[in-house]
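Residue numbering for the sequence shown follows the numbering used here, starting at 14 and increasing by one per position. No residue lacks a Cβ here, since even glycine has one placed at the ideal position from N, Cα and C. All values reported here derive from a predicted model rather than from experimental measurement. Structure first, then comments.
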Amino acid sequence: MTTVQSPGTGIASRTAEPRQLRRMKESTGILSANGECTGMLRNATGPDGHHELVLLEEFLTRHIRQDGLRSVQCMLLWTEWVRTCARQTRRFPRIVLEAAFRQAVSERIGCDIAHDDARGAIWPGIRFVP
């Protein structure tokens, strides 16, 4: 068990920490260290495509956290990605569409999409941080 203090209320709470909790791959990114595109998103040509990939990398870094007790719906993350991209670029994503987004998140967390009868497609073991 780990004790965590809430930043808003200052109240300490305890959360379970599974022993075999997988770690998100830090080295796996959409952009390599030299700024080149990796994986399926190599078709991102031009400054707009590169800017969208940088936005995706920032989005995943800021809004996805590992959590052994929770899971997040695929459509929730996709919707938040579209909102973030639309705020920054004033248009719908052109390079990172839903299939590419799902692949990028699955590669980042090292886990495939699971199906929950109540919520549909989910990524287990992560949570969305607004």
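Report task. From the DSSP output, in three-state form, read off Ala127 for me. Result -> The count along the sequence shown starts at 1 and reaches residue 127 at position 114. Strand, per DSSP.
Report task. Take the Cβ of Glu111 as the centre, count every other Cβ of all protein chains shown within 10 Å, and call the residue buried at 16 or more, exposed below. Result -> Your numbering for residue 111 matches position 98 in the sequence shown. Counting Cβ neighbours within 10 Å, Glu111 comes out exposed, since fewer than 16 surround it.
Report task. Answer with buried or exposed for Ala117, where buried requires no fewer than 16 other C-beta atoms within 10 angstroms of its C-beta. Result -> To locate residue 117, count along the sequence shown from 1; it is residue 104. Under this definition Ala117 is a buried residue.
Query raised in the report: Do the stretch 76-90 and the stretch 125-138 meet, that is, are 3 or more Cβ pairs less than 8 Å apart?
Result: yes
Requested in this report: Compute the distance between the beta-carbons of Leu73 and Thr97, then report whether it is under 8 Å.
Outcome: Counting from 1 along the sequence shown, the entry for residue 73 is found at position 60. Counting from 1 along the sequence shown, the entry for residue 97 is found at position 84. No, they are not a contact pair.
Query raised in the report: Residues bridged to Phe105 by DSSP?
Result: Residue mapping note: residue 105 aligns to position 92 of the sequence shown, counting from 1. Bridge partners of Phe105: none, in fact.
**Report entry** Arg78 - containing beta strand (DSSP E), residue span
**Finding:** Here the question's residue 78 lines up with position 65 in the sequence shown. Taken as a continuous stretch (DSSP letters only), the beta strand (DSSP E) holding Arg78 covers Ile77 to Gln86.
Query raised in the report: From Asp129, Asp130 and Arg115, pick the residue whose C-alpha is nearest to that of Trp91; which is it?
Result: Position 78 of the sequence shown, counted from the first residue, corresponds to residue 91. When only C-alpha atoms are compared, the closest one is Arg115.
Requested in this report: State the Cα-Cα distance for the pair Val109 and Ser119, rounded to the nearest angstrom.
Outcome: As a position in the sequence shown, residue 109 is number 96, starting the count at 1. As a position in the sequence shown, residue 119 is number 106, starting the count at 1. Cα-Cα distance, rounded: 14 Å.
Report task. Rounded to whole angstroms, what's the CA-CA distance from Arg107 to Asp130? Just pull it up for me. Result -> What you label residue 107 is simply residue 94 of the sequence shown in a count that begins at 1. What you label residue 130 is simply residue 117 of the sequence shown in a count that begins at 1. Whole-angstrom Cα-Cα distance: 31 Å.
Requested in this report: Using only alpha-carbon positions, find the residue among Val142, Pro143 and Gly133 that is nearest to Cys87.
Outcome: Indexing the sequence shown from 1 puts residue 87 at position 74. Looking at the Cα atoms, Gly133 is the closest of the given residues.
Query raised in the report: Which two residues bound the contiguous beta strand (DSSP E) that contains Arg140?
Result: The residue labelled residue 140 in the question sits at position 127 within the sequence shown. Segment Gly133 to Phe141, the beta strand (DSSP E) holding Arg140.
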